[in-house]
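Note that the protein sequences, when read in sequence, are chains A and B.
Residue numbering for the first sequence follows our numbering, starting at 385 and increasing by one per position.
Residue numbering for the second sequence follows our numbering, starting at 421 and increasing by one per position.
Here a beta-carbon is modelled for each residue, glycine too, at the ideal position from N, C-alpha and C.
If you're wondering where the values come from, they're calculated on a predicted model, not measured in any experiment.
Have a look at the structure below before the remarks.
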Amino acid sequence: MPINKITATEFEEQIRTAITERTESHDTAYGPVKDIVIAAPAQVFETQNDRIRLVSLLISLINSDSFTDADLDALVFNEGLTRSEGSHATGVVTFSMSATPAINAVVQRGYPISSLPDTSSSSTVTFVTTEERTLDAASASSYYNLLTKRYELQVPVTAVVSGSAGLIGAGRIKRALRPLGLFDAVTNTNATQGGRDRETNAELIERYLIAILGRELSTPIGVEKFARDNYPDVEDLLTVFGANELLIRAAEEAGAVDAYVIGKQTTTQTDNLTFFGLGQLMAIISPPLVSINAVARVSPAATYIEGTDYEVVFDTSGNNSSQRAVEGIKFLATMVSPPDAGQIIAVTYTYNNLIRSLQAGFEQDDTLVHGRDLLFKQGEEIDIILEASLRVTAGFSVSTVTSLVQTAVLTFINSLELGEDVEVSDVQGVVRRISGVDNFIVTRLVRDVAVSGTVDLAIDDSEFARIQSTDLVITLI
Amino acid sequence: MTQTFLIQNGDVVIGATGQPTMVADGVKLRQDVQENLSISVQSTGFGAGLDDLVGILGDEFSLRAKVAQRVRTSIGAMLLLQNQYHRAQRPLTERIARIGQILVSSVGGKKSTFLFKVDVMSAAGLTASTTGILGG
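Shown next as structure tokens:
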């Protein structure tokens, strides 16, 4: 929430209004009431407002020049970032002598050399050698420079000060701050390099944002965060990767990562598909398919019935439930009056556009993670059937308690996320918190209408449990 | 009726009950005029800012005119504030009707010290007189 600037004068008006609402007899226009009760607090409030605004600006990272380095350092440390204090410029200097050396000439590590005074500021920069180097007298000829006609020894140096101040042009580092010994001159042939200044607030903010974005897009939590931040229809998201047995396409597709989603943006579309023959898949254009609404021949007009004329075919491969799924309808071999080959069949269907939006959203230039084949899939809804016996404590309204139990169970199961098992003890825990429940016995908890039993239901990472009110049967005992 | 804290010797007067003593009517008018003449000019125009003139040397008549002009301006601003705030509650005894007189006179041979007297007439016909010395 942005915190707007409120001046002391504006605070005065607010306090004046508040006092007047309490009593109109206190003179708030001038005099001691204004001086003591209105003007003085208003000044304090303005100062406090400025401080709160500073926090607001810091949180929103607006106006990076308006907050202190320490404030920003503390904020970015939440992401494990620390400000770069800059780097020291480095370079190479050449120690030289004109006479042939009779003995080894050594330059010690830490030997100081200074630049000539800057023509505008008169400042100098001191460098020190970072290695010990020796001009070997026995092989002096190898150090001889025909161009300069001098014996030369190159030694790496680094600036004592950090930052761009250490960037010195060629030929300007030539003031030896200690006796040169056997050498008679020192200089730098090339300009020094590096020497980055201390990181500014703007630079640190940029790195902070990059750190956040980078984390968001390459980790399971990051994928979920980005998806839920940018796609409000996403209720839950779970990525499966590595050795997860659900990742059946991993063997064929390198870097495969599947992201199962709870959430829908259902969209209806009609595709005009060409009929090639009975038993042949007529794949819809915009998977993943939710349901087939109508199938009809365009000309001559004819309508087809699911189960009698065609069947709905869902993709069961590793690309199932994604926008790469190949699914649609197949006309049954048993159908009467099949269309002729080549005739156009209008297939009206509903698909989950949220999956397609997510897929497209994570394949943009600024969201794509190299080396990862992220595939969004709609999670599979598992419809639960729960039957239970309920005894209500004497004195409580049976209808009220029953209604509370039904609501509690429906709310609990219908808010479970991807991969969360349905456990009898959890259902019991929810129900037992309701006053008036004397006993609650789960007599059936299944995910298949054809079976019975009360064992805990295992839900895969690609699944999520849901229950319809009609599938929750509570019998009073 | 409007009221405000009673100020004596520059401080709020606390009564026997522990509450600030309040003033109203003509007493309040006189107290407010005194404050007006003794403080710097506020953002609302209240305050004569006579302190700014302390120590200024110059033509005596010119300085006297300047003192009178500042007093008149500040009383005018005070009148505007009276009209702007608490107009319905402000009694006639406190409401400024006009400035009765402004007297500014030199003190002895001191060229930068002035004695001034301001009479403000309330709508009830009462006069709130204030005197002061500017300089020393």
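Any chain B beta carbon closer than 9 Å to residue i
{"i": "residue 606 of chain A", "result": "no"}
{"i": "residue 550 of chain A", "result": "no"}
{"i": "residue 412 of chain A", "result": "yes"}
{"i": "residue 408 of chain A", "result": "yes"}
{"i": "residue 420 of chain A", "result": "yes"}
{"i": "residue 578 of chain A", "result": "no"}
{"i": "residue 460 of chain A", "result": "no"}
{"i": "residue 400 of chain A", "result": "yes"}
Contacting residues, own chain, Cβ-Cβ under 7 Å from residue i (five flanking each side not counted)
{"i": "residue 515 of chain B", "result": "502, 542, 543"}
{"i": "residue 488 of chain A", "result": "518, 519, 520, 521"}
{"i": "residue 571 of chain A", "result": "477, 478, 555, 557, 558"}
{"i": "residue 857 of chain A", "result": "771"}
Alpha-carbon spacing of residue i relative to residue j, whole angstroms
{"i": "residue 577 of chain A", "j": "residue 495 of chain A", "result": "19 Å"}
{"i": "residue 616 of chain A", "j": "residue 586 of chain A", "result": "31 Å"}
{"i": "residue 443 of chain A", "j": "residue 752 of chain A", "result": "27 Å"}
{"i": "residue 500 of chain A", "j": "residue 596 of chain A", "result": "45 Å"}
{"i": "residue 803 of chain A", "j": "residue 734 of chain A", "result": "25 Å"}
{"i": "residue 750 of chain A", "j": "residue 551 of chain A", "result": "35 Å"}
{"i": "residue 809 of chain A", "j": "residue 829 of chain A", "result": "12 Å"}
{"i": "residue 481 of chain A", "j": "residue 523 of chain A", "result": "15 Å"}
{"i": "residue 417 of chain A", "j": "residue 425 of chain B", "result": "7 Å"}
{"i": "residue 845 of chain A", "j": "residue 629 of chain A", "result": "10 Å"}
{"i": "residue 799 of chain A", "j": "residue 661 of chain A", "result": "44 Å"}
{"i": "residue 811 of chain A", "j": "residue 640 of chain A", "result": "36 Å"}
{"i": "residue 479 of chain A", "j": "residue 452 of chain A", "result": "45 Å"}
{"i": "residue 460 of chain B", "j": "residue 454 of chain B", "result": "12 Å"}
{"i": "residue 737 of chain A", "j": "residue 701 of chain A", "result": "20 Å"}
{"i": "residue 429 of chain B", "j": "residue 550 of chain B", "result": "15 Å"}
{"i": "residue 546 of chain A", "j": "residue 469 of chain A", "result": "8 Å"}
{"i": "residue 490 of chain B", "j": "residue 470 of chain B", "result": "7 Å"}
{"i": "residue 433 of chain B", "j": "residue 481 of chain B", "result": "39 Å"}
{"i": "residue 503 of chain A", "j": "residue 569 of chain A", "result": "21 Å"}
{"i": "residue 464 of chain B", "j": "residue 407 of chain A", "result": "22 Å"}
{"i": "residue 409 of chain A", "j": "residue 588 of chain A", "result": "55 Å"}
{"i": "residue 565 of chain A", "j": "residue 542 of chain A", "result": "21 Å"}
{"i": "residue 500 of chain B", "j": "residue 467 of chain A", "result": "56 Å"}
{"i": "residue 567 of chain A", "j": "residue 549 of chain A", "result": "28 Å"}
{"i": "residue 901 of chain A", "j": "residue 452 of chain B", "result": "Lying outside 385 to 861, the shown extent of chain A, residue 901 of chain A is not represented and no answer is given."}
{"i": "residue 621 of chain A", "j": "residue 433 of chain A", "result": "40 Å"}
Within chain A, partners of residue i - CB distance below 8 Å
{"i": "residue 463 of chain B", "result": "393"}
{"i": "residue 432 of chain B", "result": "416, 420"}
{"i": "residue 509 of chain B", "result": "408, 409"}
Presumed contact (8 Å Cβ cut-off) between residue i and residue j, rounded CB distance
{"i": "residue 645 of chain A", "j": "residue 760 of chain A", "result": "6 Å"}
{"i": "residue 861 of chain A", "j": "residue 770 of chain A", "result": "About 16 Å; that fails the 8 Å criterion."}
{"i": "residue 713 of chain A", "j": "residue 695 of chain A", "result": "7 Å"}
{"i": "residue 765 of chain A", "j": "residue 850 of chain A", "result": "5 Å"}
{"i": "residue 510 of chain A", "j": "residue 540 of chain A", "result": "In fact, because the Cβ distance is near 15 Å, the residues do not count as touching under 8 Å."}
{"i": "residue 730 of chain A", "j": "residue 651 of chain A", "result": "Contact flag wrong, Cβ pair sits at about 16 Å."}
{"i": "residue 497 of chain B", "j": "residue 466 of chain B", "result": "5 Å"}
Beta-carbon neighbours of residue i, restricted to chain A and to distances below 7 Å
{"i": "residue 453 of chain B", "result": "Neighbours of residue 453 of chain B on chain A: none; closest Cβ ~10 Å, over 7 Å."}
{"i": "residue 501 of chain B", "result": "413, 414"}
{"i": "residue 466 of chain B", "result": "414"}
{"i": "residue 427 of chain B", "result": "416"}
Chain-ordered neighbours of residue i on chain B, where CB pairs are closer than 7 Å
{"i": "residue 428 of chain A", "result": "By Cβ distance, chain B contributes nothing, its closest Cβ being about 17 Å from residue 428 of chain A, past 7 Å."}
Closer than 9 Å to chain A by CB, residue i
{"i": "residue 551 of chain B", "result": "no"}
{"i": "residue 504 of chain B", "result": "yes"}
{"i": "residue 422 of chain B", "result": "yes"}
{"i": "residue 541 of chain B", "result": "no"}
{"i": "residue 486 of chain B", "result": "no"}
{"i": "residue 530 of chain B", "result": "no"}
{"i": "residue 537 of chain B", "result": "no"}
Same chain only: Cβ atoms within 8 Å of residue i, ignoring 5 sequence neighbours per side
{"i": "residue 525 of chain B", "result": "484, 534, 535, 536"}
{"i": "residue 430 of chain A", "result": "390, 391, 392, 395"}
{"i": "residue 529 of chain A", "result": "480, 535, 536"}
Neighbourhood of residue i by C-beta, 6 Å cutoff - its chain only, sequence neighbours within 5 removed
{"i": "residue 474 of chain B", "result": "555"}
{"i": "residue 698 of chain A", "result": "711"}
{"i": "residue 813 of chain A", "result": "none"}
{"i": "residue 703 of chain A", "result": "709"}
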